[in-house]
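Asker:
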Amino acid sequence: MKFENTKIETLHMDLNRLDEVMEENAMVRAGQWDYERVTYDHKFQIREGTYYLRVQGYATQGDVGAHDAFIQLMTPILGKHYYPHGVEYGEDEYFPDHLVKQCQQMLEKIYKDLSVFAD
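Here you go:
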């Protein structure tokens with residue numbers, strides 16, 4: 026499920042500041058990066074299953090591995106995890122209303138916190 030019109034996809038910013046703000050908002054990057062891309066996740070374990078709110082971005086300049094990059098963020102997505110296959114984002118998936126609302130609230134706060142530092 027894509028979260029359209031969050032304005033997060035309009036943000037471009039320094040990786041180090043991005044890491045700080047995302048961590049403050051319970052979004053974890055962990056080992057989910059390569060030299061050109063980053064992915065931040067928040068894991069939800071609820072009665073209906075395990076879900077991940079995911080915010081991805083790509084480097085427009087610099088090197089993620091060297092912590093010296095500027096990142097263009099992309100449209101946030103929500104996916105359901107199926108063991109052992111992975112996360113599915115399709116329109117056929119069921120996303121509980123209470124979870125979608127919680128994700129929207131998180132994304133609003135993330136946008137507000139990030140927009141202060143964006144280019």
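If you're matching positions, the sequence shown starts at 26 in my numbering and goes up one per residue.
Each residue gets a CB set at the ideal place from its N, CA and C atoms; glycine is no exception.
1) How would you call E34, buried or exposed, if buried means at least 16 neighbouring beta carbons within 10 angstroms?
2) Sort out for me which residues DSSP pairs V63 with in a bridge.
3) Within a Cβ cutoff of 6 Å, which residues of the same chain sit near L78, ignoring the five residues on either side of it in sequence?
4) Apply the 10 Å Cβ neighbour rule to A84 and answer buried if 16 or more other Cβ atoms are within range, or exposed otherwise.
5) Using a 10 Å radius around the Cβ and a threshold of 16 neighbouring Cβ atoms, would you call F28 buried or exposed?
6) CB M38 to CB F142, shorter than 8 Å?
Answerer: According to the structure shown:
1) buried
2) W58, G82
3) H67, L103, C128
4) buried
5) Buried is the call here.
6) yes
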